[in-house]
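A short worksheet on the structure shown next.
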Amino acid sequence: MNEYLAHMAATTGDLYSALLDPEPDEALLDGAGDIIDALCAVGGPAKDIRDYADGPAVIGRYLALVGNRPPNLARVSTVLRLGRYLASENAAGRARLARPAVPGPARPGRAASARCRGPRRQAPGRRGLA
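Numbering-wise, the sequence shown is residues 32 to 161 according to our numbering.
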């Protein structure tokens, strides 16, 4: 049911502006994660992340913020869902960032995603970069 309300919550609540707070509280981050997670459920009858103009900027800002916070189960789940969405054909061809997230690390999502996965494993007999 969250998927039906996520786009409305993100747009009328101005999720992007809320995430621009330099020190958002834990409740805001967790609520934003719930909205982002629901927006990434593409393919249903509800508007999703592809219909959300601030989607790329919100994703970048969320990843930058959670990359500097202790992980919890909900945040890890949202980061993994974002990874699946960004790797999918649904995200292909979409503009990277409609607006800059805010100045910061060159690859803000890297720190958060690195904590969410274990060591890379190579298939037997393969050489080179993982």
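The beta carbon of each residue, even a glycine, is placed where N, CA and C say it ideally should be.
Cβ neighbours of residue i in the same chain (closer than 6 Å, five flanking residues each side left out)
| i | result |
| --- | --- |
| residue 112 | 68 and 71 |
| residue 61 | 105 |
| residue 33 | 69 |
Cβ shell of residue i (< 7 Å), same chain only, five flanking positions each side left out
| i | result |
| --- | --- |
| residue 128 | With a pLDDT of only 40 at residue 128, under 50, the local geometry of the prediction cannot be trusted, and the value read off the model is given with reservation. Excluding sequence neighbours, residue 128 sits near 87, 88 and 91. |
| residue 121 | 73 and 81 |
Nearest-angstrom beta carbon gap, residue j and residue i [assumed within contact, 8 Å]
| i | j | result |
| --- | --- | --- |
| residue 73 | residue 94 | At roughly 18 Å, the Cβ-Cβ gap does not stay under 8 Å, so residue 73 and residue 94 are not in contact. |
| residue 85 | residue 35 | No, residue 85 and residue 35 are not in contact; Cβ-Cβ is about 19 Å, not under 8 Å. |
Neighbourhood of residue i by C-beta distance below 8 Å, restricted to the same chain and skipping five residues each side
| i | result |
| --- | --- |
| residue 59 | 49, 50 and 52 |
Next on the checklist: Within 8 Å, do at least three Cβ pairs link the region 54-66 to the region 102-111?
Outcome noted: yes
Item to check | Contained beta strand (DSSP E) runs [length at least 3] in the region 33-89, N- to C-terminal order | outcome: none
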